[in-house]
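**Q** Protein chains in written order, with our numbering: chain F, 1 to 294; chain H, 295 to 615. Note that beta-carbon positions come from the ideal geometry of N, C-alpha and C, so glycine has one too.
Okay, here's the thing in structure tokens:
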């Protein structure tokens with residue numbers, strides 16, 4: 001059934017392609033390319049401007065720098081109290097903690113929701129779904145008070161520990177959906193062989209979940225790397241600044257004077273995102289299409 | 295793809311224990327599974343208690359106090375809420391936020407759907423286009439992009455340079471102008487139409503090609519086919535995207551913070567609700583008031599989502615009815 005449908009669809013697509021005349025198709029491509037180019041233009045302009053002397057950024061809307069200033073990168077790297085890699089390391093520590101936390105805690109919860117029956121399961125599942133939509137701003141004040149009582153303000157704990165408590169319910173939902181698609185026969189036969197739930201989770205479900213885990217890891221990386229609000233609230237010590245906070249310090253301290261170096265560091269900040277985007281496109285698209293996350 | 299919300303609903307229904315099993319009083323095996331499940335869920339329970347539900351309740355309680363982090367809280371009843379009634383900066387921030395949401399979200403959805411239509415049905419190079427259009431969504435929330443925006447729409451920024459080449463001289467600095475600053479942020483949000491576009495693409499692929507073929511045989515033109523086939527069959531996806539985009543838009547913070555240098559300026563033109571909340575809570579340490587603001591935000595978002603769900607009965611068609 002499914003295959004005949006596919007054949008029909010492929011056939012129809014072919015017909016449609018033939019029906020559409022060649023010049024019209026070319027026009028469509030030209031339009032799409034032009035639109036895409038104008039969307040990406042600001043990004044390309046930022047990349048090129050990061051190599052321009054600051055004065056030129058204000059005068060030159062073109063992409064090719066008429067005068068190269070690779071010194072922007074060196075100047076930007078050393079412009080703040082610490083060299084820029086200090087802030088990158090801070091960000092990497094938080095990101096790594098968040099990724100590991102989300103992978104472990106969310107998959108544990110997802111296993112329970114997808115495979116086990118227990119009391120009040122539907123209620124908890126509904127609460128979990130509801131918490132996905134909860135804006136962080138609603139809970140940030142009490143969280144701040146809690147963490148300041150624990151003496152955790154100006155440490156990385158408020159940004160990492162909640163991830164080990166499966167607070168990002170998005171990923172629980174994503175993994176529940178994925179685990180439900182795995183054949184139950186595998187669990188059953190493992191149980192007959194004497195496996196407990198922990199072994200089934202770790203030895204059978206986790207290895208099969210790799211695509212969902214990859215999606216989780218990539219999204220956690222992107223969100224945490226981009227996160228500004230909670231880092232701004234919980235990290236006020238300039239020594240602990242992450243990449244976004246460092247960029248903000250940069251804007252505040254330099255004002256209008258050194259856009260070249262500022263752009264250079266912005267390009268550095270976007271680099272890892274772009275890299276993960278290229279490497280993980282497949283998982284990103286699948287993740288968005290199945291759960292609608294950004 | 296059915297909307298994930300509906301999917302989740304049916305999924306819970308499927309997973310619920312069958313009535314047969316429920317009647318049997320918990321067997322030792324079931325008891326063991328119960329215990330295992332709660333162990334697997336232990337981290338999540340802790341998180342729910344301390345990071346999610348606990349703080350929600352705590353912020354409700356705090357909203358009736360004058361807590362300032364330095365002194366012990368005093369119970370002041372509804373005073374914070376009364377203060378909200380005549381706080382002109384708050385009212386302004388509501389106007390700014392609602393303008394932002396109600397202008398940018400429809401634009402985002404229209405652009406996302408339009409591009410998804412243009413990309414659908416066996417277009418060569420689809421993955422490349424999809425990636426290019428998606429990239430801004432991925433980067434849009436970052437501080438680096440907000441910095442870029444400040445420069446692009448500054449008085450001698452890229453936008454004015456391009457306008458200058460086209461013969462429009464002496465344009466204002468958009469980011470620094472009270473009348474236009476919000477517009478630049480709306481443009482930034484519209485720029486990130488890529489993720490709803492991907493959801494639309496997945497939805498369009500679910501519509502059987504035969505419908506279009508049958509309609510074409512009956513002589514329906516492209517506009518008629520769009521209005522009578524694509525739109526109705528896509529309404530669940532449109533609805534899903536609408537809810538998601540609205541909730542996201544209400545929470546916009548870092549773009550406004552960076553573009554305005556943390557002030558919500560010029561003249562409070564970019565004072566988003568979340569930014570005002572941050573300034574009250576974490577620069578003025580007026581945490582009681584900030585908690586009241588947070589609760590009001592929750593009520594607004596929940597209220598609008600509820601309104602959307604009720605309204606959806608009249609325009610969203612699910613395939614099974």
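(1) Determine which residues of the stretch 426 to 456 of chain H have a Cβ less than 7 Å from any Cβ of chain F, and write them out in chain order.
(2) Note down, one range per segment and in chain order, each alpha helix (DSSP H) of at least 4 residues found wholly within the stretch 223 to 284 of chain F.
(3) Starting from the beta carbon of residue 252 (chain F), find every residue of chain H whose beta carbon is closer than 9 Å, and list them in chain order.
(4) Nearest CA to the CA of residue 591 (chain H): which residue from H:495, H:541 and H:499?
(5) Starting from residue 327 (chain H), trace the alpha helix (DSSP H) in both directions and tell me its first and last residue.
(6) Mind reading off the beta-carbon distance from residue 215 (chain F) to residue 286 (chain F)? Whole number of angstroms is fine, and I expect it under 8 Å.
(7) Please state whether DSSP places residue 568 (chain H) in a helix, a strand or coil.
(8) Please list, in chain order, all residues of the same chain as residue 506 (chain H) whose beta carbon is under 8 Å from its beta carbon, the five residues on each side excluded.
(9) DSSP state of residue 359 (chain H), grouped into three classes?
(10) Where does the unbroken alpha helix (DSSP H) through residue 86 (chain F) begin, and where does it stop?
(11) Determine which residues of the stretch 76 to 104 of chain F have a Cβ less than 7 Å from any Cβ of chain H, and write them out in chain order.
(12) Using a Cβ-Cβ cut-off of 8 Å, state whether residue 478 (chain H) counts as contacting chain F.
(13) Excluding the five sequence neighbours on either side, which residues of its own chain have a C-beta within less than 6 Å of the C-beta of residue 442 (chain H), listed in chain order?
(14) Mapping the DSSP letters down to three states, classify residue 589 (chain H) as helix, strand or coil.
(15) Answer with yes or no whether the minimum CB distance from residue 36 (chain F) to chain H is below 8 Å.
(16) Could you tell me whether the Cβ atoms of residue 390 (chain H) and residue 566 (chain H) are closer together than 8 Å?
(17) With 8 Å set as the bound, which would you pick, yes or no: does the beta-carbon of residue 548 (chain H) sit closer than that to a beta-carbon of chain F?
(18) Would a check of beta-carbon distances place residue 346 (chain H) closer than 8 Å to chain F?
(19) Closer than 8 Å by C-beta to residue 337 (chain H): which residues in its own chain qualify, once you throw out the five before and the five after it? Chain order, please.
(20) Using a Cβ-Cβ cut-off of less than 9 Å, list which residues of the stretch 215 to 230 of chain F approach chain H; keep chain order.
(21) List the residues that DSSP assigns as beta-bridge partners of residue 696 (chain H).
(22) Using a Cβ cut-off of 8 Å (strictly closer), state whether residue 358 (chain H) contacts chain F.
(23) Would you decide whether residue 74 (chain F) is buried or exposed? Buried here means 16 or more other CB atoms lie within 10 Å of its CB.
(24) Where does residue 187 (chain F) fall in DSSP's three states?
(25) Which residues, in chain order, does the stretch 128 to 159 of chain F contribute to contact with chain H at a C-beta distance below 9 Å?
(26) Could you check whether residue 478 (chain H) and residue 484 (chain H) sit closer than 8 Å to each other, using their CB atoms as the reference points?
**A** Reading off the structure:
(1) 426, 427, 429, 430, 431, 432, 433, 435, 436, 437, 438, 441, 442, 445, 446, 450, 452, 455 and 456
(2) 229 to 234 and 243 to 254
(3) 555 and 556
(4) H:541
(5) 322 to 341
(6) 6 Å
(7) helix
(8) Around residue 506 (chain H): 519 and 523.
(9) strand
(10) 84 to 115
(11) none
(12) no
(13) none
(14) helix
(15) yes
(16) Yes, these two residues count as a Cβ contact at 8 Å.
(17) Contact of residue 548 (chain H) with chain F is assigned, a C-beta pair being separated by under 8 Å.
(18) By this cut-off, residue 346 (chain H) is an interface position.
(19) none
(20) 222, 223, 225, 226, 227, 228 and 229
(21) Given a span of 295 to 615 for chain H in the structure shown, any question on residue 696 (chain H) remains unanswerable.
(22) Interface with chain F (8 Å Cβ-Cβ cutoff): residue 358 (chain H) is excluded.
(23) exposed
(24) helix
(25) 128, 129, 131, 133, 134, 135, 136, 137, 138, 139, 140, 141, 142, 143, 144, 145, 146 and 148
(26) no
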